[in-house]
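There are 2 protein chains.
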Amino acid sequence: MAQKIKLSTIADALGVSTATVSLALRDSPLVADATRDRIKDHARAIGYIYNRRAASLRTSRSGIVGVVVHDIMNPFFAEILRSIESELDRSRQTFILSNHYDQLEKQRTFIDTLLQLGADGVIMSPAIGTPRDDIVMAEENGLPAVLIARTVEGAQVPVFRGDDAYGTGLATNHLISLGHKRIAMIGGTDQTSTGRDRYQGYVSAMEAAGLDIMPHWRIPGPRTKQAGFEAASRFLALKDRPTAACCWNDLVAIGLMNGIARAGLVPGVDISVTGYDDLEEAAIATPALTTVWNGQREVGRQAARALLDKLSGHAVRPSQELIKPELHVRQSTGKPVER
Amino acid sequence: MAQKIKLSTIADALGVSTATVSLALRDSPLVADATRDRIKDHARAIGYIYNRRAASLRTSRSGIVGVVVHDIMNPFFAEILRSIESELDRSRQTFILSNHYDQLEKQRTFIDTLLQLGADGVIMSPAIGTPRDDIVMAEENGLPAVLIARTVEGAQVPVFRGDDAYGTGLATNHLISLGHKRIAMIGGTDQTSTGRDRYQGYVSAMEAAGLDIMPHWRIPGPRTKQAGFEAASRFLALKDRPTAACCWNDLVAIGLMNGIARAGLVPGVDISVTGYDDLEEAAIATPALTTVWNGQREVGRQAARALLDKLSGHAVRPSQELIKPELHVRQSTGKPVER
DNA sequence: CTGAAAGCGCTTACAG
DNA sequence: CTGAAAGCGCTTACAG
Numbered sequence: 001m002a003q004k005i006k007l008s009t010i011a012d013a014l015g016v017s018t019a020t021v022s023l024a025l026r027d028s029p030l031v032a033d034a035t036r037d038r039i040k041d042h043a044r045a046i047g048y049i050y051n052r053r054a055a056s057l058r059t060s061r062s063g064i065v066g067v068v069v070h071d072i073m074n075p076f077f078a079e080i081l082r083s084i085e086s087e088l089d090r091s092r093q094t095f096i097l098s099n100h101y102d103q104l105e106k107q108r109t110f111i112d113t114l115l116q117l118g119a120d121g122v123i124m125s126p127a128i129g130t131p132r133d134d135i136v137m138a139e140e141n142g143l144p145a146v147l148i149a150r151t152v153e154g155a156q157v158p159v160f161r162g163d164d165a166y167g168t169g170l171a172t173n174h175l176i177s178l179g180h181k182r183i184a185m186i187g188g189t190d191q192t193s194t195g196r197d198r199y200q201g202y203v204s205a206m207e208a209a210g211l212d213i214m215p216h217w218r219i220p221g222p223r224t225k226q227a228g229f230e231a232a233s234r235f236l237a238l239k240d241r242p243t244a245a246c247c248w249n250d251l252v253a254i255g256l257m258n259g260i261a262r263a264g265l266v267p268g269v270d271i272s273v274t275g276y277d278d279l280e281e282a283a284i285a286t287p288a289l290t291t292v293w294n295g296q297r298e299v300g301r302q303a304a305r306a307l308l309d310k311l312s313g314h315a316v317r318p319s320q321e322l323i324k325p326e327l328h329v330r331q332s333t334g335k336p337v338e339r
Numbered sequence: 001m002a003q004k005i006k007l008s009t010i011a012d013a014l015g016v017s018t019a020t021v022s023l024a025l026r027d028s029p030l031v032a033d034a035t036r037d038r039i040k041d042h043a044r045a046i047g048y049i050y051n052r053r054a055a056s057l058r059t060s061r062s063g064i065v066g067v068v069v070h071d072i073m074n075p076f077f078a079e080i081l082r083s084i085e086s087e088l089d090r091s092r093q094t095f096i097l098s099n100h101y102d103q104l105e106k107q108r109t110f111i112d113t114l115l116q117l118g119a120d121g122v123i124m125s126p127a128i129g130t131p132r133d134d135i136v137m138a139e140e141n142g143l144p145a146v147l148i149a150r151t152v153e154g155a156q157v158p159v160f161r162g163d164d165a166y167g168t169g170l171a172t173n174h175l176i177s178l179g180h181k182r183i184a185m186i187g188g189t190d191q192t193s194t195g196r197d198r199y200q201g202y203v204s205a206m207e208a209a210g211l212d213i214m215p216h217w218r219i220p221g222p223r224t225k226q227a228g229f230e231a232a233s234r235f236l237a238l239k240d241r242p243t244a245a246c247c248w249n250d251l252v253a254i255g256l257m258n259g260i261a262r263a264g265l266v267p268g269v270d271i272s273v274t275g276y277d278d279l280e281e282a283a284i285a286t287p288a289l290t291t292v293w294n295g296q297r298e299v300g301r302q303a304a305r306a307l308l309d310k311l312s313g314h315a316v317r318p319s320q321e322l323i324k325p326e327l328h329v330r331q332s333t334g335k336p337v338e339r
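So the protein lines, in turn, are chains A and B. Just so you know, the first sequence maps onto residues 1 to 339 in full-length UniProt numbering. Just so you know, the second sequence maps onto residues 1 to 339 in full-length UniProt numbering.
Below you can see the structure in the form of structure tokens.
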């Protein structure tokens with residue numbers, strides 16, 4: 001590697017000061033057009049690389065935004081990330097990604113890293129059990145936070161997520177309107193706001209229709225395709241087996257349908273199944289999955305926008321506006337078939 | 001936000017120099033135990049946050065590693081990323097992730113960002129058309145690179161990937177041994193080394209068995225579940241329709257199977273299908289997918305190790321060792337059924 | 001429109 | 001074992 005090229009290398013070569021070079025490279029109107037062009041051309045010619053660490057040390061702005069979610073392998077988060085990415089790209093912010101796998105320690109380590117790097121902000125889907133103080137600490141140290149998908153009680157920050165109770169209500173009501181009376185709820189956890197809300201939506205819809213809710217019709221836990229697949233045998237062995245399953249998310253629903261098919265039954269005919277999220281793959285599952293659109297794109301876009309607004313000094317109120325989910329009916333639901 | 005706490009804040013409070021504080025916080029043996037403990041306790045008590053930008057500016061080591069792949073939403077890369085992540089975590093390196101979506105410009109922007117941040121290295125699955133010079137430029141500017149999944153002709157850097165030709169050979173031979181004579185190859189592109197190698201493996205196996213290879217039996221392009229799904233109708237309409245499909249990857253295979261099922265045929269019975277990669281979901285697909293294990297975990301682990309070795313000054317030879325794929329036979333393949 | 005100088009918060013020889 | 005001082009490469013008042 002040749003001698004490191006820096007601002008002063010350019011300044012010396014062109015007989016100007018580093019201040020002028022610095023301003024010219026950032027297109028400051030303070031520099032004469034001719035000077036600016038001469039500087040930029042030369043910089044490009046000799047392969048100058050801007051040192052962001054040095055600049056950031058001086059300005060205490062890093063151009064880095066952190067994003068931490070449960071697991072990027074989960075297509076739900078992957079879809080959100082895509083829209084965050086395209087939004088941040090537009091404002092030339094670099095983003096650093098991390099999974100916390102719902103481990104508080106991993107999340108804390110990551111936030112610490114962001115603080116050390118002087119990140120400008122963080123978008124997070126908080127790990128289970130995230131205390132309000134973790135968010136407060138970040139903000140007090142100059143790391144503004146925006147939450148997605150889950151909320152943290154008492155944290156005065158913007159949060160973008162869907163109306164989960166309303167969403168499972170849509171799915172459950174759809175099953176009820178088809179004539180189902182015994183409906184299971186598969187997957188999810190009470191440890192997150194999302195989990196509690198989705199379950200609540202199911203319960204409210206069942207109660208409103210005057211239907212019984214059997215505790216053993218709820219199989220909590222599954223959140224992945226694999227877990228949904230494994231839950232199928234438990235579901236199929238259920239006493240008074242339900243004719244329909246309202247699933248925590250699309251992954252669980254698709255896994256469950258695979259498990260049902262493996263057992264020789266036809267999902268969508270023998271057992272109705274609903275998902276949640278409307279992932280890209282819901283439409284091409286076999287059968288195509290009836291599910292609840294959860295606005296991943298919107299969540300990502302709005303969260304990124306809110307953070308960028310915050311960074312540019314606009315006041316962003318800690319909104320709790322929920323994105324309204326929509327039911328997308330496909331082939332995985334039908335009239336109940338009694339044995 | 002209170003007054004910024006820095007090394008000198010601690011030094012002043014404790015009546016020592018910043019040099020001593022700096023050394024103490026990094027557990028240098030040069031500092032007396034009592035002094036070190038006093039310093040570390042105080043630092044923790046007042047909530048000191050280490051400024052990595054300042055340190056990095058001074059040491060020109062950033063603790064940042066870049067990772068750029070085609071698309072993290074693709075489970076193939078997601079599985080690789082997981083093992084890279086766990087490997088880098090162990091050495092306390094932060095990693096920055098980016099998708100290039102096979103756009104050279106996006107990849108260049110990202111590499112530029114890494115250079116500006118003074119990243120220590122980059123692990124990349126190069127975008128289609130990546131010239132050797134892009135890699136050379138990065139290395140010359142102090143950003144060592146390690147390649148995964150794809151290679152770049154003439155780049156003198158380590159590359160970790162599977163033996164693709166051998167892998168599709170395994171799948172094709174498996175189909176041939178079941179009695180299939182008309183076998184299609186669905187998906188992939190000739191623009192990547194991976195694409196060429198996988199197609200070559202299929203061709204060689206067909207030729208070795210003395211079977212005809214019809215040009216129209218190849219449907220190039222698809223690399224996603226959605227595209228595989230859409231390819232099903234083209235495949236099913238094929239003249240002299242093949243009895244089996246050797247697919248570019250698991251996503252295409254699963255999509256194709258969904259499309260076949262949607263058309264009223266039974267994948268694994270009417271049409272045999274093989275995948276490639278052995279993603280986690282291959283085992284729970286319906287039917288369970290016969291596929292080629294491609295060692296994602298190994299690729300990620302080895303690539304991360306190689307980069308870390310390079311960073312700690314060990315010489316890493318530009319190896320081309322290929323990971324040996326393995327055939328995993330499941331239910332999506334069977335004897336041919338003639339119409 | 002341009003330049004000289006200070007300073008962001010660390011680490012590293014060097015001296016004692 | 002500890003301290004004084006220089007310097008990493010920028011940007012930003014300030015002066016002209």
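Built from N, CA and C at the ideal position, the CB exists for glycine as well.
Assigned exposure category for residue i - 16 Cβ within 10 Å defines buried
i, result
"Asp266(A)", "In the sequence as displayed, the identity of residue 266(A) is Val instead of Asp. Counting Cβ neighbours within 10 Å, Val266(A) comes out exposed, since fewer than 16 surround it."
"His216(A)", "exposed"
"Ile213(B)", "exposed"
"Arg90(A)", "exposed"
"Thr151(B)", "buried"
"Lys324(A)", "exposed"
"Tyr199(B)", "buried"
"Thr20(A)", "buried"
"Ala303(B)", "buried"
"Thr59(A)", "exposed"
"Gly179(B)", "exposed"
"Gly255(B)", "buried"
"Ile260(A)", "buried"
"Leu7(A)", "buried"
Neighbouring residues, chain B, relative to residue i (Cβ below 7 Å)
i, result
"Pro144(A)", "Under the 7 Å cutoff, chain B gives no residues; its nearest Cβ is about 11 Å from Pro144(A)."
"Ile72(A)", "Ile72 and Ala78"
"Gly268(A)", "In chain order: nothing, as chain B lies at least about 12 Å away."
Beta bridge counterpart(s) of residue i as assigned by DSSP
i, result
"Ile219(B)", "Ile186(B)"
"Val252(B)", "Its beta-bridge partners do not exist; DSSP assigns none."
"Phe95(B)", "Val65(B)"
"Ser272(B)", "Ala244(B)"
"Leu147(B)", "Met124(B) and Val159(B)"
"Thr291(B)", "His328(B)"
"Asp277(A)", "Trp293(A)"
"Pro267(B)", "Ile271(B)"
Contact set between residue i and chain A, taken where Cβ atoms lie within less than 7 Å
i, result
"Leu115(B)", "Ile49"
"Leu97(B)", "Leu97"
"Ala54(B)", "Leu57"
"Ile271(B)", "Residues of chain A passing the Cβ test: none, with the nearest at roughly 14 Å."
"Gly195(B)", "What Gly195(B) touches in chain A: nothing, since even the nearest Cβ is about 23 Å away."
Residue i: contacting residues in chain B (beta-carbon distance under 9 Å)
i, result
"Ala138(A)", "The contacting residues do not exist; Ala138(A) stays about 11 Å from chain B at best."
Partner residues on chain A for residue i, Cβ-Cβ distance less than 8 Å
i, result
"Arg330(B)", "What Arg330(B) touches in chain A: nothing, since even the nearest Cβ is about 12 Å away."
"Gly187(B)", "In chain order: nothing, as chain A lies at least about 15 Å away."
Partner residues on chain A for residue i, Cβ-Cβ distance less than 9 Å
i, result
"Arg262(B)", "Ile284, Thr286, Pro287 and Ala288"
"Gly313(B)", "Under the 9 Å cutoff, chain A gives no residues; its nearest Cβ is about 15 Å from Gly313(B)."
"Gly334(B)", "Neighbours of Gly334(B) on chain A: none; closest Cβ ~16 Å, over 9 Å."
"Gly169(B)", "Simply none; closest approach about 29 Å."
Contacts of residue i in chain B (Cβ-Cβ under 8 Å)
i, result
"Gly121(A)", "Those within 8 Å of Gly121(A) in chain B number zero; the least Cβ separation is about 14 Å."
So within the segment 294-334 of chain A, which uninterrupted alpha helix (DSSP H) runs reach at least 4 residues, ignoring any that extend past its ends?
Runs of the alpha helix (DSSP H) lying entirely within the segment 294-334 of chain A and spanning at least 4 residues, in chain order: 296-311.
Entirely within the segment 4-80 of chain A and at least 4 residues each: give me those alpha helix (DSSP H) ranges in chain order.
Runs of the alpha helix (DSSP H) inside the segment 4-80 of chain A: 7-14, 18-25, 33-46 and 52-59.
Which runs of the alpha helix (DSSP H) spanning at least 4 residues fall entirely within the segment 170-216 of chain A, listed in chain order?
List check, alpha helix (DSSP H) in window: 193-208.
Name, going along the chain, the residues of the segment 74-93 of chain A whose beta-carbon falls closer than 8 Å to a beta-carbon of chain B.
Hits within the stretch, in order: Pro75, Ala78, Glu79, Leu81, Arg82 and Glu85.
The segment 217-238 of chain A: which residues have C-beta closer than 8 Å to a C-beta of chain B, in chain order?
Residues are counted here when their Cβ sits less than 8 Å from a Cβ of chain B; for the segment 217-238 of chain A these are Lys225, Gln226 and Phe229, given in chain order.
Can you pull out the residues from the segment 276-307 of chain A whose beta carbon lies closer than 9 Å to at least one beta carbon of chain B?
Identification of residues in the segment 276-307 of chain A having a C-beta nearer than 9 Å to some C-beta of chain B yields Glu280, Glu281, Ala283, Ile284, Ala285, Thr286, Pro287 and Ala288, given in sequence order.
Between the segment 240-257 of chain B and chain A, which residues of the former have CB atoms less than 7 Å from a CB of the latter, in chain order?
Near chain A, meaning a CB-to-CB distance below 7 Å, the residues of the segment 240-257 of chain B are Gly255.
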